[in-house]
Amino acid sequence: MFRKLLRMWVLLRPTHWLILIALCVLTCAGYWLLWSEIRFEHAFKPLSKLTTSGSPQADAHAPPADDFDYDADLVVLYNRVPKTGSTSFVNIAYDLCKLNKFHVLHINVTANMHVLSLPNQIQFVRNVSRWHEMRPALFHGHMAFLDFSKFQIAHKPIYINLVRKPLDRLVSYYYFLRFGDNYRPNLVRKKAGNKITFDECVVQKQPDCDPKNMWLQIPFFCGHAAECWEPGSTWALEQAKRNLVNEYFLVGVTEQMYEFVDLLERSLPRIFHGFREHYQNSNKSHLRVTSSKLPPSELTIQAIQKTKIWQMENDLYEFALAQFEFNKKKLMQPDNKHLQKFMYEKIRPK
16 MFRKLLRMWV LLRPTHWLIL IALCVLTCAG YWLLWSEIRF EHAFKPLSKL
66 TTSGSPQADA HAPPADDFDY DADLVVLYNR VPKTGSTSFV NIAYDLCKLN
116 KFHVLHINVT ANMHVLSLPN QIQFVRNVSR WHEMRPALFH GHMAFLDFSK
166 FQIAHKPIYI NLVRKPLDRL VSYYYFLRFG DNYRPNLVRK KAGNKITFDE
216 CVVQKQPDCD PKNMWLQIPF FCGHAAECWE PGSTWALEQA KRNLVNEYFL
266 VGVTEQMYEF VDLLERSLPR IFHGFREHYQ NSNKSHLRVT SSKLPPSELT
316 IQAIQKTKIW QMENDLYEFA LAQFEFNKKK LMQPDNKHLQ KFMYEKIRPK
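To convert a position in the sequence shown, counted from 1, into the numbering used here, add 15.
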């Protein structure tokens with residue numbers, strides 16, 4: 016048999032030799048391409064098989080690893096409503112930021128504007144989201160609520176705020192513009208020298224005491240939409256309520272500042288550790304007290320409370336107060352003596 020094959024091999028014509036060589040070359044090339052494809056597939060995983068850090072997953076069906084450090088990357092945004100006690104609260108943060116190792120950043124907008132332009136919205140959101148050197152951080156400023164979810168942000172900041180009884184806030188601001196406060200007593204305010212009382216202002220129907228000036232807490236919670244800043248807008252009030260419940264971690268009331276600080280320290284100790292004691296024992300708990308302020312008369316109160324603006328602003332205040340009281344109540348067990356706890360049990364399979 017071997018001799019017959021050898022004889023056939025010798026008798027092959029040159030054409031047959033060429034065909035045989037070509038078949039051998041094609042076979043080798045096919046094996047080389049197949050081997051290269053396998054190597055390429057192992058060298059470059061598709062994006063669907065990569066984790067957020069870019070390393071291949073061991074199990075293609077396993078959920079992506081979440082290495083987000085909720086304490087180290089904590090960002091709290093306090094879009095503080097003017098004349099609600101925010102200066103007292105923020106100064107505690109400035110006193111304790113070095114000790115607690117977090118950063119405090121004041122958002123200073125041109126001419127104290129409460130709404131950011133579109134370019135500034137983009138820049139601000141990206142700053143807050145990617146400025147890792149500043150984390151953990153407390154950002155604060157007199158700025159309307161800004162919805163971070165519109166900007167493709169994976170981890171939104173935690174919003175907090177304070178509200179105050181609307182007439183009290185307006186009266187405080189009215190006299191603040193005339194007499195200043197104990198925070199910067201030598202600074203001359205723009206209405207300095209004007210000694211018209213709030214009661215007289217209401218009787219004379221002057222613009223400084225116009226109920227439209229109370230339209231501030233609603234737009235601060237409503238946001239950057241044009242309708243938010245239309246005094247008397249029912250849509251703005253409803254949107255403010257939705258944001259207060261769905262977008263804010265905690266909204267306190269000025270009249271219960273200590274309870275607000277207490278809830279924050281218990282919930283977010285990474286930043287607010289020690290705030291309770293500092294608020295009680297330091298001289299920073301009642302900053303920016305208006306130097307001279309007369310309470311409005313009963314007639315003035317009745318006149319203001321008849322206006323639609325006051326009724327809507329008070330509606331938001333009562334709504335926020337009810338939510339705050341609810342959060343306080345749920346902090347404790349039903350016996351009202353021990354903190355509420357939770358645990359995991361009946362875990363299966365064992």
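Heads up, the beta-carbon is just placed ideally off N, CA and C, and yes, glycines get one too.
Beta-carbon separation (whole angstroms), residue i vs residue j, contact threshold 8 Å
{"i": "I319", "j": "L182", "result": "6 Å"}
{"i": "R179", "j": "K98", "result": "7 Å"}
{"i": "M272", "j": "S103", "result": "7 Å"}
{"i": "G177", "j": "S101", "result": "A quick correction: the sequence has Leu, not Gly, at residue 177. Their Cβ separation, rounded to whole angstroms, is 6 Å, which keeps L177 and S101 in contact under 8 Å."}
{"i": "H265", "j": "N342", "result": "Just to set this straight, residue 265 is Leu in the shown sequence, not His. Confirmed, Cβ separation roughly 7 Å."}
{"i": "V260", "j": "Q317", "result": "So it is not a contact: roughly 31 Å between Cβ atoms."}
Among the options, the one whose alpha carbon lies nearest that of residue i
{"i": "V140", "options": "Q167, F235, M149 and V218", "result": "Q167"}
{"i": "I107", "options": "D277, F235 and V217", "result": "D277"}
{"i": "A152", "options": "S101, I122 and L131", "result": "I122"}
{"i": "L314", "options": "M358, P364, D214 and F236", "result": "D214"}
{"i": "N142", "options": "Q338, L120 and M272", "result": "L120"}
{"i": "L192", "options": "W146, K206, Q338 and R184", "result": "K206"}
{"i": "E340", "options": "S187, K352, E270 and P234", "result": "E270"}
{"i": "M128", "options": "M347, W146 and P234", "result": "P234"}
{"i": "S164", "options": "F83, N258, S187 and E253", "result": "N258"}
{"i": "P311", "options": "V218, R95, P364 and K361", "result": "V218"}
{"i": "V96", "options": "S144, D84 and H157", "result": "H157"}
Under the three-state DSSP convention, the category residue i falls into
{"i": "V266", "result": "strand"}
{"i": "V124", "result": "coil"}
{"i": "A152", "result": "strand"}
{"i": "Y109", "result": "helix"}
{"i": "F55", "result": "In this prediction, F55 scores a pLDDT of 39, lower than 50, which makes its location untrustworthy; no coordinate-derived value is stated."}
{"i": "V143", "result": "helix"}
{"i": "Y359", "result": "coil"}
{"i": "H118", "result": "strand"}
{"i": "M347", "result": "strand"}
{"i": "L231", "result": "coil"}
{"i": "L283", "result": "coil"}
{"i": "D223", "result": "helix"}
{"i": "L354", "result": "strand"}
{"i": "D183", "result": "helix"}
{"i": "D82", "result": "coil"}
{"i": "D196", "result": "strand"}
{"i": "E134", "result": "Contrary to the premise, residue 134 reads as Pro rather than Glu in this sequence. Here P134 sits in helix by DSSP."}
{"i": "Q167", "result": "coil"}
{"i": "A335", "result": "helix"}
{"i": "I211", "result": "coil"}
{"i": "T99", "result": "coil"}
{"i": "P61", "result": "Because P61 sits at a pLDDT of 39, beneath the cut-off of 50, its placement in the model cannot be relied upon, and the point is left open."}
{"i": "M272", "result": "helix"}
{"i": "L278", "result": "helix"}
{"i": "K323", "result": "helix"}
{"i": "A87", "result": "coil"}
{"i": "N298", "result": "coil"}
{"i": "L309", "result": "coil"}
8 Å CB neighbourhood of residue i in its chain, flanking five on each side removed
{"i": "Q136", "result": "L161, F166 and H239"}
{"i": "C216", "result": "Y189, D223 and C224"}
{"i": "L89", "result": "F117, R150, P151, A152, I173, L283, R285 and I286"}
{"i": "L114", "result": "G289"}
{"i": "A77", "result": "Any reading at A77 must be qualified, since the residue scores a pLDDT of 44, below 50, and its modelled position is unreliable; the value itself is stated next. Hits under 8 Å: none found."}
{"i": "H293", "result": "I107, D110, L111 and K299"}
{"i": "D86", "result": "P151 and R285"}
{"i": "S297", "result": "I107 and D110"}
{"i": "H353", "result": "M347"}
Contact set for residue i: own chain, Cβ-Cβ below 7 Å, skip 5 residues either direction
{"i": "K356", "result": "none"}
{"i": "P246", "result": "K227, W230 and I324"}
{"i": "N329", "result": "P181"}
{"i": "K345", "result": "Q355"}
{"i": "V130", "result": "A159 and H239"}
{"i": "Y263", "result": "Y174, I175 and N176"}
Close-in-space but distant-in-sequence residues of the same chain around residue i (CB under 6 Å, 5 per side omitted)
{"i": "L336", "result": "V268"}
{"i": "F275", "result": "G267"}
{"i": "K256", "result": "F334"}
{"i": "L92", "result": "F154, P172 and Y174"}
{"i": "Q221", "result": "none"}
{"i": "A251", "result": "I233, C237, E242 and C243"}
{"i": "Q295", "result": "none"}
{"i": "T322", "result": "P226"}
Sheet register partners of residue i (DSSP bridge)
{"i": "H239", "result": "Paired residue(s): none; H239 is not in a bridge."}
{"i": "I175", "result": "Y93 and L265"}
{"i": "L252", "result": "Answer is none; L252 lacks a bridge partner."}
{"i": "D3", "result": "Outside the modelled stretch of the chain, which goes from 16 to 365, sits residue 3, for which no answer is possible."}
Closer than 6 Å: residue i CB and nearest the ligand NAP heavy atom
{"i": "P310", "result": "Inclusion of the ligand NAP in the displayed structure is not the case, the ligand content being empty and no account of it being possible."}
Proximity test, Cβ basis, 7 Å: residue i and chain D
{"i": "N209", "result": "The structure shown has no chain D; it contains just one protein chain."}
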